[in-house]
């Protein structure tokens, strides 16, 4: 008997509904970050000096360390899914644990960055604050919140794997992995935009 | 259902090394690539363009291999391409069109 509407758990496209939903969510997240990037670009082009001065004040070395941490955690996330699909719980836990630690590492580096800005009076409301630092805190702050948002379900999956019958479903972990890779993708744009692309008019590429 | 993509670990490692290399390249291009100061705005545009192009290449690698887009249904790829394409268009358009508006 045929049915006009297929609501089964096995979609015709072989793509899980949860996965499609996650991609839709990530598409909306991309649009969310687009607003930040769009406004950042327009203001940067009309305030070379302010943005150049602000960007030169950031520690690109700390950001570079964070970039490598996120790239590494993307790799460990992909490897954890790989091993989960092969029912290797030990290696799943190892790589998932490393991914969570990568998230923590990222946040610790971010803490050092933020505390340095606090001491230099660059926080919103402080005397040396500029529009550049509004974007810096907005973009990196939202990104850090996304990192925390990814770490919570990852920790849940990790600890769940230790419980009786708590073996995580590979499809669910793969869907979570999409989110974590997206967090990495956003950082790939935030890193050069804030830390590296100092406008020429403000002495960029000559430091 | 989770798809079995065979032994994909070598591909993961290749992408990881490529991402690290491109990250170093991004820093090198931003810090040590010098265009003549008299180039002015075009120099800055070129500088930003190089950064965006490297970022786009990194994004493609992550999406195709780490996010398994390479193995998924083509319909899903189309679904992903549209917002990503719009994002890149916005980045380029705002960078280059707005820049000339403000520097003229």
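Protein chains in written order, with this note's numbering: chain P, 89 to 295; chain W, 436 to 539. Think of the CB as a built atom: it goes at the ideal place given N, C-alpha and C, for glycine as much as any other residue. The structure displayed is predicted, hence computed values, not measured ones.
Of the residues the options, the one placed nearest residue i, counting alpha carbons only
| i | options | result |
| --- | --- | --- |
| residue 163 (chain P) | W:500, W:517, W:481 | W:500 |
| residue 245 (chain P) | P:185, P:175, P:138, P:211 | P:185 |
| residue 218 (chain P) | P:230, P:128, P:269, P:175 | P:128 |
| residue 149 (chain P) | P:260, P:183, P:197 | P:197 |
| residue 524 (chain W) | P:134, P:122, P:280, P:143 | P:122 |
| residue 279 (chain P) | P:257, P:157, P:183 | P:157 |
| residue 493 (chain W) | W:471, W:457, W:466, W:528 | W:457 |
| residue 152 (chain P) | P:237, P:201, P:188 | P:201 |
| residue 283 (chain P) | P:118, P:161, P:227 | P:227 |
| residue 104 (chain P) | P:258, P:183, P:243 | P:258 |
| residue 135 (chain P) | P:225, P:221, P:250, P:229 | P:221 |
Coil, strand or helix - residue i by DSSP
| i | result |
| --- | --- |
| residue 416 (chain W) | This structure leaves residue 416 (chain W) out entirely; chain W is present only between 436 and 539. |
| residue 493 (chain W) | helix |
| residue 437 (chain W) | With a pLDDT of 48 at residue 437 (chain W), under the threshold of 50, the modelled position of this residue cannot be trusted; read the value that follows with caution. Here residue 437 (chain W) sits in coil by DSSP. |
| residue 506 (chain W) | coil |
| residue 187 (chain P) | helix |
| residue 286 (chain P) | coil |
| residue 443 (chain W) | coil |
| residue 479 (chain W) | helix |
| residue 102 (chain P) | coil |
| residue 251 (chain P) | coil |
| residue 207 (chain P) | helix |
| residue 231 (chain P) | helix |
Where the alpha helix (DSSP H) through residue i begins and ends
| i | result |
| --- | --- |
| residue 215 (chain P) | It is not in any alpha helix (DSSP H) - residue 215 (chain P) carries neither H nor E in the DSSP assignment. |
| residue 331 (chain P) | Absent from the structure is residue 331 (chain P), since the part of chain P shown begins at 89 and ends at 295. |
| residue 499 (chain W) | Unbroken run through residue 499 (chain W): none, as it is neither H nor E. |
| residue 166 (chain P) | 148–173 |
| residue 258 (chain P) | 258–278 |
heavy atom of the ligand MN below 7 Å from residue i C-beta
| i | result |
| --- | --- |
| residue 449 (chain W) | Summarising the ligand content, the structure contains no ligands, and the ligand MN is consequently not present. |
Exercise for review: Could you tell me whether the stretch 103–117 of chain P touches the stretch 259–272 of chain P, where touching means 3 or more Cβ pairs closer than 8 Å?
Suggested key: yes
Review point. Okay, do the stretch 443–452 of chain W and the stretch 160–174 of chain P touch, 3+ Cβ pairs below 8 Å being the bar?
Key: yes
Exercise for review: Pair every Cβ in the stretch 272–279 of chain P with every Cβ in the stretch 492–506 of chain W, then say whether three or more of these pairs are closer than 8 Å.
Suggested key: yes
Review point. Below 8 Å, can you find three or more Cβ-Cβ pairs linking the stretch 200–216 of chain P to the stretch 134–148 of chain P?
Key: yes
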